[in-house]
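Novice:
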Amino acid sequence: MNIETLAKKSKVEIGFSCLPSNLKDAIVGEKERYQKTDKRFWVTELIRCLRASWIDRKFTIPFSETTYYYFWRGNLLHKKMEEYLDATEERVIHQFDGVTISGKFDAKDKDTILEYKTTSSLYYAKKRPNLTHVLEAATYAAITDAKQIKIISLDFSGTKLNKQKEFFLSHTIKLTKKEKKEILKFMEHRAKALDTWLEKDELPPKSPVEPGECNYCSLRNFCHDDSFDYQAFFDEK
Ligand code: SF4
986 MNIETLAKKS KVEIGFSCLP SNLKDAIVGE KERYQKTDKR FWVTELIRCL RASWIDRKFT
1046 IPFSETTYYY FWRGNLLHKK MEEYLDATEE RVIHQFDGVT ISGKFDAKDK DTILEYKTTS
1106 SLYYAKKRPN LTHVLEAATY AAITDAKQIK IISLDFSGTK LNKQKEFFLS HTIKLTKKEK
1166 KEILKFMEHR AKALDTWLEK DELPPKSPVE PGECNYCSLR NFCHDDSFDY QAFFDEK
């Protein structure tokens, strides 16, 4: 028996179609859609570009396999962390002027909000934390009594051994009362703005928090054109 000949007989399938259907359904089922109509905004919607969040609420954009995969991978990490730390994610709610901001932080250790994030490059993470991650964790701190945030990045760059042997990295930021107040005001402003643009049915201006956000945004190819017919584009899909 030649093992190589046997191996070459293999039928290759790539993507979700190669998974058993119950696993595929479970992965796809985990990604919830935002509710389109209510005035409840998720922290994760407000920390990203509001134009992208507006489009997500307005149209039923089919999620790509990449979106499902990253979401599922993040869930695996969070579930494992909950198991290790014997702590579940906690929900926070902030209500103002008829609008609700709601979110879930990964864990809290005394006065510190802990957020676990995966990264494909600890090299860049070392330079500074991602701004959307800072805004997210700082919002949770602002809504709770936390005094600092700690963003722990885990290297998910692949299975190749990292020569520097650095797989974990954390950024801790102490927050003053004034900074927490400002963060909350900023998030209230974004929630109100998104609510208004949804009600007026108007496309919001570009508003990424992290300058590199456009590079991995699925809308980047036509976002520069404000007259682009999103409805027609997504209807065709
Ligand atoms: S391409 Fe950039 S500006 Fe446009 S929606 Fe995406 S993140 Fe926002």
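Residue numbers (our numbering): 986 to 1222.
Think of the CB as a built atom: it goes at the ideal place given N, C-alpha and C, for glycine as much as any other residue.
Since this is a predicted model, take the numbers as computed values, not measurements.
How many Å lie between K1217 and F1026 at the Cα?
Specialist: Reading the sequence shown from its first residue, position 232 is the one you call residue 1217. Reading the sequence shown from its first residue, position 41 is the one you call residue 1026. Lys is not the amino acid found at residue 1217; the sequence shown has Ala there. Computed Cα separation, rounded: 26 Å.
Novice: Taking just the CA atoms, how far does R1033 sit from W1057?
Specialist: Within the sequence shown, numbered from 1, the residue matching residue 1057 stands at position 72. Within the sequence shown, numbered from 1, the residue matching residue 1033 stands at position 48. The straight-line gap from Cα to Cα measures roughly 19 Å.
Novice: Just reading off the beta strand (DSSP E) that D1091 is part of, what are its end residues?
Specialist: Sequence index remark: in the sequence shown, residue 1091 carries index 106 (1-based). From DSSP, D1091 is part of no beta strand (DSSP E); its letter is neither H nor E.
Novice: Going straight from the alpha carbon of E1030 to that of I1040, what length do you get?
Specialist: The residue labelled residue 1030 in the question sits at position 45 within the sequence shown. The residue labelled residue 1040 in the question sits at position 55 within the sequence shown. C-alpha separation (whole angstroms): 11 Å.
Novice: Look at the alpha carbon of P1196 and the alpha carbon of N987, and state the distance between them as a whole number of angstroms.
Specialist: Mapped onto the sequence shown, residue 1196 falls at position 211. Mapped onto the sequence shown, residue 987 falls at position 2. Whole-angstrom Cα-Cα distance: 54 Å.
Novice: Cutting at 7 Å between CB atoms, please list the residues of its own chain near V1013, excluding the five before and the five after it.
Specialist: Here residue 1013 refers to the residue found at position 28 of the sequence shown. Answer for V1013: Y1053, listed in chain order.
Novice: Figure out for me which residue from F1048, K1135, D1140 and S1087 has the closest Cα to the Cα of L1107.
Specialist: Along the sequence shown, one-based indexing puts residue 1107 at 122. Comparing Cα positions, the closest option is D1140.
Novice: Return yes when at least one heavy atom of the ligand SF4 lies under 7 Å from the C-beta of L949, else no.
Specialist: Any answer about residue 949 is impossible in this case: the structure gives the chain only from 986 up to 1222.
Novice: With DSSP run on the structure shown, which of helix, strand or coil describes K1135?
Specialist: Here residue 1135 refers to the residue found at position 150 of the sequence shown. The answer is strand: DSSP assigns K1135 an E or B state.
Novice: Regarding L1004 and the ligand SF4, is the C-beta to nearest heavy atom distance less than 7 Å?
Specialist: Residue mapping note: residue 1004 aligns to position 19 of the sequence shown, counting from 1. No - the ligand SF4 has no heavy atom lying nearer than 7 Å to the Cβ of L1004.
Novice: Closest to V1028 by C-alpha separation, out of K994, K996 and V1077, would be which residue?
Specialist: Reading the sequence shown from its first residue, position 43 is the one you call residue 1028. Considering only alpha carbons, the answer is V1077.
Novice: Figure out for me which residue from S1192, K1132 and D1082 has the closest Cα to the Cα of S1038.
Specialist: In the sequence shown, residue 1038 corresponds to position 53, counting from 1. Answer by Cα proximity: S1192.
Novice: Can you give the Cα-Cα distance for L1154 and D1071, rounded to whole angstroms?
Specialist: The residue you call residue 1154 lines up with position 169 of the sequence shown. The residue you call residue 1071 lines up with position 86 of the sequence shown. Those two C-alpha atoms are separated by around 21 Å.
Novice: To the nearest whole angstrom, what separates the beta carbons of I1136 and E1100, a pair I think is in contact under 8 Å?
Specialist: Within the sequence shown, the letter at position 151 stands for residue 1136. Within the sequence shown, the letter at position 115 stands for residue 1100. Confirmed, about 5 Å.
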